[in-house]
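Residue 1 is where the sequence shown starts when you use UniProt numbering, and the numbers rise one by one after that.
Positions of the beta carbon are idealized from the N, C-alpha and C atoms, including for glycine.
Here's the structure we're looking at; comments come further down.
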Amino acid sequence: RYLIIIDDVWSTQAWHAIKCAFPENDCSSRIIATTRIIDVAKSCCLSADDRVYELEALSDLHSRRLFFKRLFRSEEDCPEMLKEVSNKILKKCGGLPLAIISISGLLANRPAIKEEWEKVKRSIGTALEKTNSLEGMSSILSLSYNDLAPHLKTCLLYLSLFPEDHLIYRDRLVRRWIAEGFISEERGQSKQEVAENYFYELINKSMVQPVDIEYDGEVRACRVHDMMLEIIISKSAEDNFTTVVGGGQTSLLNHQDSIRRLSIQHIDKKLASELANVDLSHVRTLIVMPSCCITHLPSLDRFEALRVLDFEGCVDLKDYDMEGMDKLFQLKYLGFRDTRISKLPAGIVMLGNLETLNFEGTSVRELPARITLLTELRHLIGRLNKLPSGIGGMRNLQLMPRFIITMQETDVLKDLGNLKSLEGLDVDLGDEVSCEDKRCEKEAFLSSLCKLGTCKLRSLEIKSKYCGSLDFLDSWSPLPSSLQRFVAAYRDSFTKLPKWITPALINLADLWICLTELTEDGLLTLGQLPSLLRLQLRLSKKFIATVQVISFPNLKALNFSGTAQAYVSFAKGSVPKLESIEMPFNASEAKANGFYSGIEHLHCLKLAYIWCNEDGTLPERKAAAAAIRKDADANPNHPEFTFENEPWEEDNEETGAGDEEKSNEDGDTDED
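As structure tokens, then:
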């Protein structure tokens with residue numbers, strides 16, 4: 001028996017091709033299909049019992065809520081002079097959520113002046129007011145596109161290279177924009193910062209949809225709505241901005257202009273023969289999608305002007321001849337992420353303008369010795385066993401691959417201190433054997449770390465499966481003032497909180513640390529970190545504490561784990577911005593403290609995940625669970641609450657299953 005949901009079916013032909021895959025076994029299976037075309041919806045009805053559910057437009061009330069929340073937080077906050085024109089704009093949107101979101105995104109960047117809003121109202125036209133048609137919706141989205149500044153239009157059009165519903169990661173996208181030359185430094189901001197600002201502008205204007213939003217509001221990825229994708233594909237075709245081969249988009253190989261940006265989403269012998277007759281010497285970006293047949297790709301020596309070359313996800317890349325790589329002198333971005341290659345092409349060392357090399361998710365563990373000649377490299381992303389000698393000469397390097405400290409020569413580790421532009425460092429201490437008698441290597445690493453801490457180092461992550469304490473880092477000095485993220489996420493990384501973690505680290509926002517023990521003074525220190533947004537804390541020894549008032553002023557996420565002998569409670573007024581909490585709950589300690597948790601005082605709390613350990617008697621655990629549930633219910637924000645290992649579940653196991661469980665044994669279960 002199955003339940004299958006098929007989103008956005010565009011044609012009856014597509015539906016007939018899909019439905020053949022579903023077994024008809026009379027097991028009460030269900031299929032839900034969504035479409036914008038009524039004829040397609042009717043064709044999806046396989047029997048007289050099937051129904052077409054036509055989704056109604058938003059009511060006036062819900063339209064206003066969506067519109068005003070986007071612009072003013074609520075309708076009550078809307079200036080009186082804008083209410084009449086707002087209602088007229090909403091009428092033209094016809095209750096279509098995407099239209100409302102797009103127009104509100106457009107208005108959010110206009111002055112809150114009636115005349116300006118009247119201009120927008122007039123420019124919408126009457127298409128949506130007359131009929132809730134796709135054409136009308138397209139006119140709304142086109143209006144939003146036309147309102148963009150030229151630099152944002154360019155960045156948005158670049159997204160037409162990706163298929164429908166493709167997940168586009170922010171970091172890789174902005175680096176491609178930079179490699180293409182779309183981005184210039186502005187007002188003391190680096191190209192990376194400017195490009196990220198453009199990314200967020202496109203989100204704020206509802207041009208793209210944010211995906212995977214972090215605890216601090218950072219958006220890791222985006223998608224383009226399929227209707228917006230249609231518009232930018234059309235605009236790109238008009239301007240000869242991009243060309244797509246294969247996939248669900250229209251091939252543009254028959255045009256006479258030079259191809260400037262090429263996305264190969266599918267290719268067979270026929271398309272390969274077409275490409276053989278096309279001039280590729282002006283292509284600046286080549287993106288090859290994972291579904292593409294590598295053996296049919298054009299030779300690299302035909303791409304003389306290439307700046308971006310991305311093979312991400314192409315698992316058969318090892319079958320592609322990389323001959324000609326050394327001739328791509330203008331190449332700035334090279335992506336091998338999630339391919340199965342085990343060795344980088346030798347020609348890479350000739351790419352003097354290369355800025356990004358991504359080999360994460362491959363079997364590559366060693367770099368060519370001459371890669372240190374690529375002094376323009378900024379982002380070197382992947383995992384290595386050993387670093388190449390002379391890496392200290394790569395002065396523009398901002399992001400390095402993870403490497404194993406105890407497998408490095410001491411001179412190489414000391415050389416790291418010369419990387420004054422380094423912003424991110426991800427290291428592995430090595431295994432138990434390699435860590436023995438490695439004092440010199442650790443001291444060399446600490447020496448470099450002390451130098452990097454005075455420069456631009458923003459993120460440091462240290463991993464190890466077997467190694468002992470990181471207490472050798474306790475003397476890190478001077479304080480790494482730019483550090484925003486520190487991760488030491490293996491058991492007993494430090495005996496206690498390092499001395500250099502003090503309230504003077506004004507930029508530290510993300511801390512994940514494993515300690516043998518945490519003292520009350522240590523907790524007080526953590527609570528005074530002014531910018532801390534996320535704290536993941538793992539302890540080995542017993543820990544009983546109350547988080548005091550005026551502590552953790554900006555903390556949004558707290559994850560507490562490790563010892564079973566733990567009890568944490570919250571004083572009224574503490575952690576005022578906490579939204580998410582995960583922590584253990586010790587029944588015996590809870591009883592000793594009057595079953596007080598203080599969760600009811602966390603007025604911004606949205607999610608609470610509490611697990612009860614096996615300490616204490618069953619009555620004590622029941623009382624503890626009831627008390628913490630009561631506190632959660634008393635929280636005015638009504639957080640989503642999960643209590644793991646409910647004591648009454650164990651009671652059921654001891655005394656026999658309840659009636660509901662017995663009925664499940666006789667009938668259907670969730671696993672069906």
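#### Entry: Meets three-Cβ-pair contact criterion under 8 Å: the segment 348-355 and the segment 367-381
At 8 Å Cβ cutoff, the stretches touch.
### Query
Once you ignore the five residues that flank ALA509 on each side, which residues in its own chain have a CB closer than 8 Å to its CB?
Correct list, in chain order: ASP216, GLN484, ARG485, SER531, LEU532, LEU533, ARG534.
### Segment contact flag, the segment 152-161 with the segment 224-237, C-beta cutoff 8 Å, min 3 pairs
Counting Cβ pairs under 8 Å, three or more are found: they touch.
### Query
In terms of residue numbering, what span does the alpha helix (DSSP H) encompassing ILE381 cover?
The continuous stretches of alpha helix (DSSP H) do not include ILE381, which lies in the beta strand (DSSP E) extending over residues 379-381.
### Task
Have a look at CYS20 and ALA14 and give me their C-alpha separation to the nearest angstrom.
CA-to-CA, the gap between CYS20 and ALA14 works out to about 11 Å.
### Range covered by the alpha helix (DSSP H) that runs through ILE89
Segment 80-93, the alpha helix (DSSP H) holding ILE89.
### Task
Put LEU309 into one of helix, strand or coil per three-state DSSP.
Correct three-state label for LEU309: strand.
### Message
Let's test the definition: count the other Cβ atoms within 10 Å of the Cβ of GLU312 and tell me whether it reaches 16, buried, or not, exposed.
### Response
Label assigned to GLU312: buried.
### Message
Please state whether the Cβ-Cβ distance between ASP319 and ILE294 is less than 8 Å.
### Response
In this structure, ILE294 lies closer than 8 Å to ASP319 by Cβ.
### Task
Given a cut-off of 8 Å, decide if VAL194 and GLU201 are closer than it, judged by their beta-carbon atoms.
In this structure, VAL194 does not lie closer than 8 Å to GLU201 by Cβ.
### Query
Residue range of the alpha helix (DSSP H) that residue 689 falls in?
For the chain, the structure presents residues 1 to 672; residue 689 sits outside this window and is missing.
### Message
I need the boundaries of the beta strand (DSSP E) containing MET583, first residue and last residue.
### Response
DSSP places MET583 inside the beta strand (DSSP E), whose first and last residues are 580-585.
### Query
Between the segment 63-82 and the segment 43-54, do at least 3 Cβ pairs fall closer than 8 Å?
Put simply, the segment 63-82 does not touch the segment 43-54. Fewer than three CB pairs are less than 8 Å apart.
### Message
Please give me, in chain order, every unbroken run of the alpha helix (DSSP H) with length at least 4 that falls completely inside the UniProt domain "NB-ARC" (1-74).
### Response
Whole alpha helix (DSSP H) segments, 4+ residues: 12-19, 38-43, 60-72.
### Query
How many Å lie between ASN204 and ARG70 at the Cα?
When rounded, the distance between both Cα atoms is 10 Å.
### Query
Tell me which same chain residues have a C-beta within less than 6 Å of the C-beta of LEU262, skipping the five on either side of it?
For LEU262, where only same-chain residues beyond five positions count, the Cβ hits under 6 Å are THR243, VAL283, LEU286.
### Message
Among PHE182, ALA626, LYS606, whose alpha-carbon lies nearest the alpha-carbon of LYS591?
### Response
With distances taken between Cα atoms, LYS591 lies closest to ALA626.
### Message
I need the boundaries of the alpha helix (DSSP H) containing CYS450, first residue and last residue.
### Response
Note, CYS450: alpha helix (DSSP H), 439-452.
### Task
Return the residue from the list ALA276, LEU3, THR12 that minimises the CA-CA distance to CYS27.
Ranking the options by Cα distance to CYS27, first place goes to LEU3.
### Task
Return helix, strand or coil for SER160, following the three-state DSSP convention.
Under the three-state reduction of DSSP, SER160 is assigned to helix.
### Task
Say whether chain D places a C-beta atom closer than 8 Å to the C-beta of SER475.
Protein chain content of the structure displayed is limited to a single chain, and chain D is not contained in it.
### Message
Is it buried or exposed, GLY417, if we count other Cβ atoms within 10 angstroms and call 16 or more buried?
### Response
Buried: at least 16 other Cβ atoms inside 10 Å.
### Query
Beta carbon of MET394, beta carbon of THR410: below 8 Å?
Their beta carbons are not under 8 Å apart, which means MET394 does not touch THR410 by this criterion.
### Query
Taking the alpha helix (DSSP H) that PHE543 falls in, what are its first and last residues?
From DSSP, PHE543 is part of no alpha helix (DSSP H) but of the beta strand (DSSP E) over 543-547.
### Task
Determine the DSSP secondary structure at LEU120, reduced to helix, strand or coil.
Per the sequence shown, the amino acid found at residue 120 is Val instead of Leu. Residue state, collapsed to three classes: helix.
### Task
With a floor of 4 residues, list each alpha helix (DSSP H) that falls wholly inside the UniProt domain "Disease resistance protein winged helix" (161-232), ordered by position along the chain.
Listed in chain order, the complete alpha helix (DSSP H) runs (minimum 4 residues) inside the UniProt domain "Disease resistance protein winged helix" (161-232) are 170-180, 191-204.
### Query
Helix, strand or coil for PHE403 per DSSP?
Looking at PHE403 - three-state DSSP - the assignment turns out to be strand.
### Query
Mind checking whether SER144 and MET207 have CB atoms under 8 Å apart?
Yes, they are a contact pair.
### Query
Does DSSP put PHE472 in a helix, a strand or coil?
Here DSSP, grouped into helix, strand and coil, assigns PHE472 to helix.
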